[in-house]
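**Q**
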Amino acid sequence: MAEKQYGLVVDTKRCVGCHSCSVACKIENNLSAGVIWNRILTNGGASMDSAKGTFPNLSKHYIPMICQHCANPACTKACPVGATYKDITTGAVRQDYDLCIGCRMCMAACPYTGVRSFNWEEPTYTMDFAVGDINVPKHQKHVVEKCTLCYHKLSKGEEPICIDACISGARVFGDLNDPDDKVVNLISKRKYIQLLPERGTNPSVYYLV
Amino acid sequence: MKRVGERGSGEWERISWDEAISTIAEKWKEYRSKYGNQSLSFYWGSGATGQLAPGNATGLMGRLVNVLEFTNIDYCVDLAMSVGVGWVSASGALNDITNVKYSDRVVLWGCSLSDAWWQFWKPVADAMENGTRLITVDPNFSTSASKSDLWISNRPGSDPLLILSLMQYIIEHDLHNKDFLIGHTNASFMVRSDNGKILRMSDLGQEPTEGPVNPYTGQPTIIDPPVVWDEETSSLQAWNVATKPTLHKNYVHEGLRLDTAFDLVVAELQNYKAEKITELVGVPVDQIELLALEQTKGNVWNLTGMASQAYKNGAVFGQVLVCLNLITGSIGRPGATVGAAWRFFSMNGAVLTPTGTTMTNVPVLGLNQVMDSGKFKGQDWPIKALYVAAANPVSCAADYHGIKSWWDRIEFIVVADLQFTDSVKYADLVLPVAHALETEDVKTSGYFPFIGISEKAIEPLFEAKTDGDIARLLAEQLGVGEHFRLSNDEFLRDRIDNAPAAKAQNITLDRLRKEKDIYLEGPGTAFEGGYFPTETGKANLYCEMVAPRLNWGQDFDPTAVRVPRFFPPHESWPTSEAMKKYPMALMSERLRTRWHTNEYENEWLAEIGQEPLVKINPIDAVERGITDGSLVEVFNDRGHAVVKAEFSDNIRPGVLLYPKSWQQHEFKAGGWTELTSSFPDPLAVNTSFMDVAADIRPWREEA
Ligand code: SF4
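The listed protein sequences correspond, in order, to chains A and B. Sequential numbering from 1 applies to the first sequence in our numbering. Sequential numbering from 1001 applies to the second sequence in our numbering.
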């Protein structure tokens, strides 16, 4: 077990699907055109904001979706070169662009479809200069990338950008291995779900319901 | 840039700032001398707000417009609610959202809080964790509705009818707060049956007396107290003399029948019994009763957005909603209030009027009439020039063809903007304006209880100039430069440091520069203590005489809303002529990636955004042979929009809902602005964006 297992608690009762976290992530990490690491899914109807059910018996919840930084990740075992690996100090699942050979085995192994993306082409950007944090590794062609849990911020003792960006106070960050941490406190008090528990990955993102 | 082809042809020529400024100055000088000051007009929006920005007619541009006595085209947007609130309370409903923690119930009316006013959602969510119940009244299942403990879907435009029914139920079940009604409203005042006026002591033969001098008129106030029935003495008494006023009494005084205002209100309310209006309002009786009961549970905040007031009955919506809180007495305490979470910080207004002259407000909804007749309030009013700043009326205001009708009749149009908007497309001269991040400014807005500094990040890029610099250049050439030779720093200092509100809280520009944001301290609750700044300090449950927001010679009845009563919307109502032809109610919602059309070119936001679409209940769609995701034409007499259909069970059958804020070129054809109406409600003089009847059919492209 990692010393720490940083993770997120996301309160679906608070999340309103505003996408602020998603856009903040895009800017902080200088994501290239078409790449989104933090997607907002809807537990509802077919389109972004539609509900489940028939008028007027309806329900809707948003599920912000990022790499689940699993305690027992499927992807790390699938990578032939060790480019995706579990960071010992933070518990984050990391992706080393320099080692990645672009085989996309991790993408196939990961049960959480869509959290990883592959740069088929040289990345292009809206701006002709890099935005966000200067310590974010440069994006590369022919590699897989995904949420880093803002590793560049963790190493400075800061929280991922999506936490601060959330307008609803729906996202809480902390160490799941620390019994006194606020995230542990939250999941001990509230009902929660983890995504696809049957896959045995033990994801580090908990959704309060 | 100046236009070289026909207006709107897209043919432009790049010119220098010198040429642009002198062209404008020459034209303006010519019009002013030939046709008078009013021939120059100014249209602003909310695209850039701050103290130096031109939105809300502030900044140096606002100052220029006042000095030169422009016609100010009043944009008539989102103003109806406050008109109705004003009739009852003689003030605005200003609340601090943080007070929501004291609310036992928050009822959202026409307010998709979590989509349109995100900043208010967290305080509400926090309150909910501490037991506040959230209730949403909205025809459609908005995100706020999905977060609510109770969602009531009513027919669009029926909010006032529903509120009147709640009042009727509450009174019939004796759940109204009689002490509050007597102590804090004019419910106990006696009303004359012959002319509907409130009985005054002069009617009983007591001469009015003179009170303190009114600082606005310079004349002494006339004191002629309203009369109540005093149960203690069983006689008619001045309201401030009686010790036991009553809510119920009819009495014949020298042949004249008198009733308490409350009895008249109650009599009117009998028209709105739940069983009578259930079908029209589209809400089952048991839900109406449930909502009425919720209104009586502790501190209730009836929190409003902008949708319910965007109908012909928008001012009445404001009026009846305050009345609802009056009868439950849930008003004037933290958490027990009505209206939006607005706060305002009043700046030093004198900064905008250095010569004492001001602009004249002409409502955009009456502009075509002014253009037709060449007259405003009986005076000659030829409008020859237009300056548009911080606004994009062509794609954000209502009734595209109506707008184009007055727009095309104006000889010389300048649009200052930072994006190439639809309004820029139809300009004669375009001025590139610097972004808010390219100049220092002070921000305060009704939307948050703060005042803050907006720092300058970079110098204006390319050839852009700030609105303030543009105003300075124009002023010099127009011969009024002497009033514009102050620096931004001097302007901001005067505007903030010398504002009475700033003095009270010791807010200064220097402090803002250091602390960045300063919280605006109380009063955080509208009508605090149940006090209303009326003649008697009591709220007007009975509105003896009302005035329109803007009087421009339109026909209106000042006695129409004496007792709270229902008026149907103009179009969006089953009995309207328009609905016979176009049976669907067309409503709009906010697009989460844009602030009106601002940011329309932002690629980051476009990635998570949508394309123009209309949401429709599958029942209505299937009936019309529409398939999910196909192109459809939404249409009425005024125009059409061709967009994608999105099936959504969120939508109440009979309703079409479109996310707004698109530019013309983003549509397959037409645009939403073509369908909306510029019908002017004579009392609120407000744009009824939601009061629209339309129909929808599959789009078959002509070959
Ligand atoms: S910022 Fe917060 S509320 Fe908005 S989508 Fe992300 S988690 Fe949800």
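Even glycine gets a Cβ: it sits at the ideal position worked out from N, Cα and C. Just so we're clear, the structure is a prediction, and the values are computed from it rather than from any experiment.
1) For S1144 (chain B), is the beta carbon positioned less than 8 Å from some heavy atom of the ligand SF4?
2) Quick check on A1703 (chain B): buried or exposed, where buried means 16 or more other Cβ atoms within 10 Å of its Cβ?
3) In angstroms, rounded to a whole number, what distance separates the CA positions of W1151 (chain B) and E1294 (chain B)?
4) Tell me, please, whether the CB atom of V172 (chain A) is closer than 9 Å to any CB atom in chain B?
5) Name, going along the chain, the residues of the segment 1478-1511 of chain B whose beta-carbon falls closer than 9 Å to a beta-carbon of chain A.
6) Counting only C-beta atoms, is P1156 (chain B) closer than 9 Å to chain A at any point?
7) Going by the C-beta, is H19 (chain A) closer than 8 Å to any heavy atom of the ligand SF4?
8) Looking only at its own chain, which residues have a Cβ that is under 6 Å from the Cβ of V131 (chain A), when we skip the five neighbours before and after it?
9) By the DSSP assignment, the alpha helix (DSSP H) with S1373 (chain B) in it spans what residues?
10) Thinking C-beta only, is L1683 (chain B) closer than 9 Å to V1106 (chain B)?
11) Which of the three DSSP states, helix, strand or coil, is assigned to I1073 (chain B)?
12) Going along the chain, which residues of its own chain have a beta-carbon closer than 6 Å to the beta-carbon of T1466 (chain B), five neighbours each way excluded?
13) Let me check one thing: in DSSP terms, what residues is T1353 (chain B) bridge-paired to?
14) P56 (chain A) touches chain B at which residues, Cβ-Cβ below 9 Å?
15) R190 (chain A): beta carbon under 8 Å from a heavy atom of the ligand SF4?
16) Alpha carbons only, please: which of B:A1116, B:F1120 and B:M1081 is nearest the one belonging to T1098 (chain B)?
17) Could you name the residues of the same chain whose beta carbon sits closer than 6 Å to that of A1578 (chain B), not counting the 5 residues immediately before and after it, in chain order?
18) Please tell me whether M49 (chain A) has its Cβ less than 9 Å away from any Cβ of chain B.
19) By Cβ distance below 8 Å, which residues in the same chain neighbour I1458 (chain B) in space, the five residues on each side in sequence not counted?
20) Is the beta carbon of Y206 (chain A) within less than 8 Å of some heavy atom of the ligand SF4?
21) Could you tell me which chain A residues have their CB closer than 8 Å to the CB of A1090 (chain B), listed as they occur along the chain?
22) Does the Cβ of S22 (chain A) lie closer than 8 Å to at least one heavy atom of the ligand SF4?
23) Any beta carbon of chain A sitting closer than 9 Å to that of R1592 (chain B)?
24) Rounded to whole angstroms, what's the CA-CA distance from G1670 (chain B) to R1200 (chain B)? Just pull it up for me.
25) Quick one: what's W1301 (chain B) bridged to in DSSP?
26) Report back the beta-carbon spacing between L1631 (chain B) and K1644 (chain B) to the nearest angstrom; my notes put them in contact at under 8 Å.
27) On the CB-based measure, 16 or more other CB atoms within 10 Å of its CB, does E1674 (chain B) come out buried or exposed?
28) Considering only residues of the segment 1156-1188 of chain B, which uninterrupted alpha helix (DSSP H) runs meet the minimum length of 4 residues and lie entirely inside it, listed in chain order?
29) Is any heavy atom of the ligand SF4 found at a distance shorter than 8 Å from the C-beta of Y62 (chain A)?
30) Does DSSP put K153 (chain A) in a helix, in a strand, or in coil?
31) Could you confirm whether any beta carbon from chain B is found closer than 9 Å to the beta carbon of R14 (chain A)?
32) Find the nearest neighbour of I1327 (chain B) within the set B:F1689, B:L1269 and B:V1283, judged by alpha-carbon distance.
33) Please list the residues of the segment 121-138 of chain A that have a C-beta atom closer than 8 Å to any C-beta atom in chain B, keeping them in chain order.
34) Between the beta-carbon of M1167 (chain B) and the beta-carbon of Y1272 (chain B), is there less than 9 Å?
35) Going along chain B, which residues have a C-beta under 8 Å from I167 (chain A)?
**A** Once the coordinates are examined:
1) To locate residue 1144 (chain B), count along the second sequence from 1; it is residue 144. Outside the cutoff, so no.
2) Mapped onto the second sequence, residue 1703 (chain B) falls at position 703. Here the model assigns A1703 (chain B) a pLDDT of 47, short of 50, so the residue's position is not dependable, and the following value carries that caveat. Under this definition A1703 (chain B) is an exposed residue.
3) The residue labelled residue 1151 (chain B) in the question sits at position 151 within the second sequence. The residue labelled residue 1294 (chain B) in the question sits at position 294 within the second sequence. Distance between the alpha carbons of W1151 (chain B) and E1294 (chain B) is about 12 Å.
4) Residue 172 (chain A) sits at position 172 when you count from the first residue of the first sequence. False, the Cβ-Cβ gap to chain B never drops below 9 Å.
5) Shown here is that no member of the segment 1478-1511 of chain B has a Cβ falling below 9 Å from a Cβ of chain A.
6) Residue 1156 (chain B) sits at position 156 when you count from the first residue of the second sequence. No, its Cβ sits nowhere closer than 9 Å to a Cβ of chain A.
7) Here residue 19 (chain A) corresponds to residue number 19 of the first sequence, with the count starting at 1. Yes - the ligand SF4 has a heavy atom lying nearer than 8 Å to the Cβ of H19 (chain A).
8) Position 131 of the first sequence holds residue 131 (chain A). The beta carbon of V131 (chain A) sits closer than 6 Å to those of I27 and N30, all from its chain and outside the five residues before and after it, given in chain order.
9) For the purposes of this step, residue 1373 (chain B) is identified with residue 373 of the second sequence, where counting begins at 1. Per DSSP, S1373 (chain B) belongs to the alpha helix (DSSP H) from L1367 to S1373.
10) Within the second sequence, residue 1106 (chain B) is the residue found at index 106, counting from 1. Within the second sequence, residue 1683 (chain B) is the residue found at index 683, counting from 1. No, Cβ-Cβ distance for V1106 (chain B) and L1683 (chain B) is not below 9 Å.
11) If you number the second sequence from 1, residue 1073 (chain B) lands on position 73. If DSSP states are grouped into helix, strand and coil, I1073 (chain B) belongs with the strands.
12) Looking up residue 1466 (chain B) in the second sequence gives position 466. Excluding five sequence positions before and after T1466 (chain B), the CB atoms of its chain that fall closer than 6 Å to its own CB belong to A1434 and T1439, given in chain order.
13) As a working mapping, residue 1353 (chain B) is identified with position 353 in the second sequence. For T1353 (chain B), which the question treats as bridged, DSSP gives no partner whatsoever.
14) In the first sequence, residue 56 (chain A) corresponds to position 56, counting from 1. The contacting residues are F1141, W1151, S1153, D1649 and R1652.
15) Within the first sequence, numbered from 1, the residue matching residue 190 (chain A) stands at position 190. Incorrect: R190 (chain A) has no Cβ contact closer than 8 Å to the ligand SF4.
16) Locating residue 1098 (chain B) in the second sequence gives position 98, counting from the first residue. Nearest of B:A1116, B:F1120 and B:M1081 to T1098 (chain B), Cα basis: B:F1120.
17) Taking the second sequence and counting its residues from 1, the one referred to as residue 1578 (chain B) is at position 578. Excluding residues within five positions, the ones whose Cβ falls inside 6 Å are E1571 and A1693.
18) As a working mapping, residue 49 (chain A) is identified with position 49 in the first sequence. In the sequence on display, residue 49 (chain A) carries Asp and not Met. D49 (chain A) counts as touching chain B.
19) Residue 1458 (chain B) sits at position 458 when you count from the first residue of the second sequence. Once the five neighbours on either side are set aside, the close Cβ partners of I1458 (chain B) are L1437 and E1438.
20) The sequence position of residue 206 (chain A) within the first sequence is 206, counting from 1. No.
21) Residue numbering aside, residue 1090 (chain B) sits at position 90 when the second sequence is read from its first letter. Going along chain A, no residue has its Cβ under 8 Å from A1090 (chain B), so there is no contact; the nearest lies around 35 Å.
22) Here residue 22 (chain A) is taken as the residue at index 22 of the first sequence, counted from 1. Flag set: Cβ of S22 (chain A) near the ligand SF4.
23) Position 592 of the second sequence holds residue 1592 (chain B). At least one beta carbon of chain A lies nearer than 9 Å to the beta carbon of R1592 (chain B).
24) Numbered from its first residue, the second sequence carries residue 1670 (chain B) at position 670. Numbered from its first residue, the second sequence carries residue 1200 (chain B) at position 200. Taken atom to atom, the span from the alpha-carbon of G1670 (chain B) to that of R1200 (chain B) is near 57 Å.
25) As a working note, residue 1301 (chain B) is residue 301 in the second sequence. Within the DSSP bridge table, the entry for W1301 (chain B) names B:V1106 and B:T1337 as partners.
26) Residue mapping note: residue 1631 (chain B) aligns to position 631 of the second sequence, counting from 1. Residue mapping note: residue 1644 (chain B) aligns to position 644 of the second sequence, counting from 1. The pair is a contact, with the Cβ atoms about 6 Å apart (cut-off 8 Å).
27) Within the second sequence, numbered from 1, the residue matching residue 1674 (chain B) stands at position 674. Answer is buried; the Cβ neighbour count reaches 16.
28) Whole alpha helix (DSSP H) segments, 4+ residues: 1159-1172 and 1178-1184.
29) By one-based count along the first sequence, residue 62 (chain A) stands at place 62. Result yes, Cβ under 8 Å from the ligand SF4.
30) Translated into positions along the first sequence, residue 153 (chain A) becomes position 153. Correct three-state label for K153 (chain A): helix.
31) Numbered from 1 along the first sequence, position 14 holds the residue referred to as residue 14 (chain A). With 9 Å as the cut-off, R14 (chain A) counts as an interface residue toward chain B.
32) In the second sequence, residue 1327 (chain B) corresponds to position 327, counting from 1. Of the candidates B:F1689, B:L1269 and B:V1283, the residue whose Cα lies closest to the Cα of I1327 (chain B) is B:L1269.
33) So the list reads T126, given in the order they occur along the chain.
34) Position 167 of the second sequence, counted from the first residue, corresponds to residue 1167 (chain B). Position 272 of the second sequence, counted from the first residue, corresponds to residue 1272 (chain B). For M1167 (chain B) and Y1272 (chain B), yes; Cβs fall inside 9 Å.
35) One-based indexing of the first sequence puts residue 167 (chain A) at position 167. Here the neighbours are W1118, Q1119, W1121 and K1122.
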